[in-house]
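**Q** Numbering (numbering that gives the first Met the number 0), first residue to last: 0 to 342. Where is the CB? At the ideal position from N, CA and C, for every residue including glycine. In this text the structure is predicted, and so the values were computed from the model without any measurement.
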Amino acid sequence: MTKQPLYGLTLSELREIAASLDMPRHTAGQIAAWLYKKRATDIAQMTDLSLKNRALLEEKYEVGLTAPTSVAESADGTRKYLFPTAKGHAIEAAMIPDGERATLCVSSQAGCRMGCTFCMTGRQGLQHNLTAGEILNQMRSITESEQLTNIVYMGMGEPLDNLDEALKSLEILTADWGYGWSPTRITVSTIGILPQLRQLLDRSKVHVAVSLHTPFAAERAELMPMEKAFPAKEIVALLKEYDFSGQRRVSFEYIVFQGINDSPAHVRELARLLDGLKCRINLIRFHAIPDSPLRSPDDIGIERFRDAIAAKGIITTIRSSRGEDIQAACGLLSTSTKPSTKP
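In structure tokens form, the structure reads like this:
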């Protein structure tokens with residue numbers, strides 16, 4: 000009989016299990032502490048549970064961690080991990096060291112159905128959603144797990160297309176009974192699915208990064224077909240309802256394509272679209288993918304574009320490209336040719 004993983008369950012879900020097994024209510028808190036604070040790998044290690052209760056748990060449940068099947072290391076220190084999923088596919092996560100920071104880019108789906116033309120993950124389509132446990136397992140089961148300072152939901156998949164499990168994982172990350180992380184250490188990236196974006200804003204305090212890439216609707220629809228369902232102007236209008244003057248940030252991800260979205264007209268339209276919203280723009284170099292005519296400007300071109308946007312009063316930065324030599328940089332994660340094999 001396949002056992003159900005405990006890892007990735009919320010405190011309320013653990014309470015339901017404890018009640019179903021006639022365990023005291025406080026047992027759920029003990030299990031949560033072993034899963035998320037004491038880093039238990041086996042139910043037998045949960046020594047403040049009675050032998051009887053541990054035996055009851057072990058009949059149907061297991062901790063349920065999954066080790067990566069491979070790791071690739073970049074010349075710049077970035078490490079890309081490959082994980083099998085419970086449904087027989089695979090996902091990738093990228094660990095990016097930067098001085099005292101260690102950021103993990105996690106996946107929320109095996110594949111993606113958003114269809115962005117510049118993204119390798121989008122080319123492989125959607126295989127399935129990850130569970131909260133599979134999302135969190137990426138941070139728990141890597142070598143650098145205890146050194147991580149930040150987590151970004153910017154790997155494979157669209158987090159808001161898997162909202163319930165993404166929110167569960169965020170609850171576990173930030174709750175006192177879970178990992179107890181500050182929400183300011185976490186960023187969720189999205190193309191801006193509505194109304195799921197509102198739910199994310201209302202039910203969490205994490206930073207939000209919206210994939211924009213151009214302020215013009217027709218142009219964005221060519222790059223990102225979901226613009227037709229979720230227009231950028233509606234996304235920005237929603238964001239303007241929220242207060243980002245405190246610790247919480249909203250940013251816009253903007254991959255720069257030479258001769259396509261880097262003109263003075265784009266600068267003017269960005270300033271018009273984002274007027275009145277406290278935000279920043281992160282410019283990203285396009286990383287070439289097979290059979291794509293898209294190209295990135297050179298460094299001078301990107302810097303010129305950055306300066307032009309900044310002159311409009313919008314904080315604008317250029318994100319460093321990391322892990323390109325191991326296909327771990329933005330837009331390059333893909334497991335379409337990497338079948339999952341459990342170790």
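#1: Run through DSSP, which three-state label would Thr-316 get?
#2: Checking the sheet assignment: what are the DSSP bridge partners for Ser-69?
#3: Find out if the Cβ-Cβ distance for the pair Ile-325, Ala-71 is shorter than 8 Å.
#4: I'd like to check one pair, Ile-299 with Val-266: are the Cβ atoms closer than 8 Å?
#5: Does the region 35-52 come into contact with the region 270-286, if we say contact requires no fewer than three beta-carbon pairs (one atom in each stretch) closer than 8 Å?
#6: Which one of Glu-252, Lys-204, Leu-55 and Gly-258 has the shortest CA to CA distance from Ser-319?
#7: Identify the continuous beta strand (DSSP E) that holds Asn-128 and give its terminal residues.
#8: Would you list the residues sitting across from Tyr-241 in a DSSP beta bridge?
#9: List the whole-angstrom C-beta distance separating Ile-95 from Thr-77, where the pair is believed to meet the contact cut-off of C-beta under 8 Å.
#10: Cα separation between Trp-180 and Lys-227?
#11: Is it buried or exposed, Gly-177, if we count other Cβ atoms within 10 angstroms and call 16 or more buried?
#12: Going straight from the alpha carbon of Arg-184 to that of Thr-130, what length do you get?
#13: Just how far apart, CA to CA, sit Gly-98 and Lys-59?
**A** The answer reads as follows:
#1: The residue labelled residue 316 in the question sits at position 317 within the sequence shown. DSSP places Thr-316 in strand when its eight states are reduced to three.
#2: For this step, residue 69 is matched to residue 70 along the sequence shown. DSSP output for Ser-69 lists Leu-81 as bridge partner(s).
#3: Within the sequence shown, the letter at position 326 stands for residue 325. Within the sequence shown, the letter at position 72 stands for residue 71. The answer is yes: Cβ separation under 8 Å.
#4: Indexing the sequence shown from 1 puts residue 266 at position 267. Indexing the sequence shown from 1 puts residue 299 at position 300. No, they are not a contact pair.
#5: no
#6: Here residue 319 is taken as the residue at index 320 of the sequence shown, counted from 1. Ranking Glu-252, Lys-204, Leu-55 and Gly-258 by Cα distance to Ser-319 puts Glu-252 first.
#7: For the purposes of this step, residue 128 is taken as residue 129 along the sequence shown, with counting starting at 1. Residues 125-128.
#8: One-based indexing of the sequence shown puts residue 241 at position 242. According to DSSP, which records beta bridges pairwise, Tyr-241 is partnered with nothing at all.
#9: Start at 1 with the first residue of the sequence shown, and residue 95 comes out as number 96. Start at 1 with the first residue of the sequence shown, and residue 77 comes out as number 78. Contact flag correct, Cβ pair sits at about 5 Å.
#10: Taking the sequence shown and counting its residues from 1, one reaches residue 180 at position 181. Taking the sequence shown and counting its residues from 1, one reaches residue 227 at position 228. Answer to the nearest angstrom: the Cα atoms are 36 Å apart.
#11: Along the sequence shown, read from residue 1 onward, the residue named residue 177 stands at position 178. So Gly-177 ends up on the buried side.
#12: Here residue 184 refers to the residue found at position 185 of the sequence shown. Here residue 130 refers to the residue found at position 131 of the sequence shown. Straight-line Cα distance between these residues: approximately 21 Å.
#13: What you label residue 98 is simply residue 99 of the sequence shown in a count that begins at 1. What you label residue 59 is simply residue 60 of the sequence shown in a count that begins at 1. So the two alpha carbons sit approximately 43 Å from each other.
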